[in-house]
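Written out below as structure tokens is the structure these notes cover.
Residue numbers (this note's numbering): 171 to 413.
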């Protein structure tokens with residue numbers, strides 16, 4: 171009887187190999203400043219090398235793309251930037267959805283792993299999104315505090331929060347964002363991988379909908395979109411709106 175080896179998702183050098191592949195691609199001139207083409211090449215590279223990557227991919231990202239197009243957020247934050255795949259896709263959509271003559275959109279990509287953040291920064295600049303996305307390195311709570319200080323001066327808040335880091339940090343870091351005043355009524359919170367064990371506390375909390383936290387009543391309405399990961403595991407994306 172043979173046992174199946176666990177799926178390796180990251181950390182074996184694939185991130186730096188992908189970075190080199192993109193930046194030194196024979197058609198780099200055609201890829202540069204073309205976010206969609208870069209994402210397609212990332213997907214092709216991962217498939218060709220039989221690598222599972224911690225990226226959201228074209229299918230799971232589509233509902234979030236539709237949210238960006240329909241709500242035209244000015245400020246987006248993601249928890250868990252990894253190599254910049256989601257930041258490239260969503261920041262490009264954010265820029266396209268911003269009406270001409272309005273405040274430039276801002277996208278904050280929070281990543282605790284400095285090596286992955288460096289890959290993300292280089293790919294974002296290659297994609298022509300360096301003026302839209304700011305990559306913050308460190309624990310999410312500290313980086314969220316930095317975002318809060320940056321937005322406070324202009325009385326701005328986070329319109330869309332994308333949660334995609336460690337499942338057991340989903341709920342604690344959401345509550346950090348709440349305590350910092352980053353999420354106002356109408357804000358959207360999208361969490362990937364809520365079918366995984368670590369994120370179940372977050373999923374239950376959102377499904378319950380109403381909670382009193384530090385003397386404030388927080389209300390969210392949520393829906394869940396199931397999907398299957400590339401390794402066959404069942405998972406889901408949860409889309410929540412603060413009401």
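For each residue, glycine too, the CB sits at the ideal point set by N, CA and C.
All values reported here derive from a predicted model rather than from experimental measurement.
Specify whether the segment 324-331 and the segment 288-308 touch according to this definition: at least 3 beta carbon pairs, one from each stretch, less than 8 Å apart.
no
DSSP beta-bridge partners for residue 408?
361, 394
Please identify the residue among 183, 359, 348 whose C-alpha is closest to the C-alpha of residue 385.
348
Counting Cβ pairs closer than 8 Å, one from the segment 268-282 and one from the segment 300-312, do we hit at least three?
yes
To which residues of the same chain is residue 171 closer than 7 Å at the C-beta, ignoring the five residues directly before and after it?
Residue placement at residue 171 cannot be trusted, given a pLDDT of 48 that sits under 50; what the coordinates show is reported in the next sentence. Correct list: empty, nothing qualifies.
Answer yes or no: do residue 359 and residue 344 have a C-beta to C-beta separation smaller than 8 Å?
yes
Please state if the CB of residue 273 and the CB of residue 244 are separated by a distance shorter than 8 Å.
yes
Report the residue from 401, 411, 403 whose alpha carbon sits nearest the alpha carbon of residue 389.
411
Quick one: what does DSSP say residue 209 is sitting in, helix, strand or coil?
helix
Please classify residue 211: is it buried, with 16 or more other beta-carbons within 10 angstroms of its beta-carbon, or exposed?
buried
With distances taken Cα to Cα, identify the nearest neighbour of residue 253 among 383, 367, 209.
209
Beta-carbon proximity of residue 372 to residue 355, cut-off 8 Å
no
So what's residue 299 in DSSP terms, helix, strand or just coil?
coil
Between the C-alpha atoms of residue 409 and residue 364, what's the straight-line distance to the nearest angstrom?
10 Å
Rounded straight-line distance, which links the Cα of residue 407 to that of residue 182
27 Å
Taking the beta carbon of residue 194 as the centre, do at least 16 other beta carbons fall within 10 Å, making it buried, or is it exposed?
exposed
Please classify residue 277: does DSSP put it in a helix, a strand, or coil?
strand
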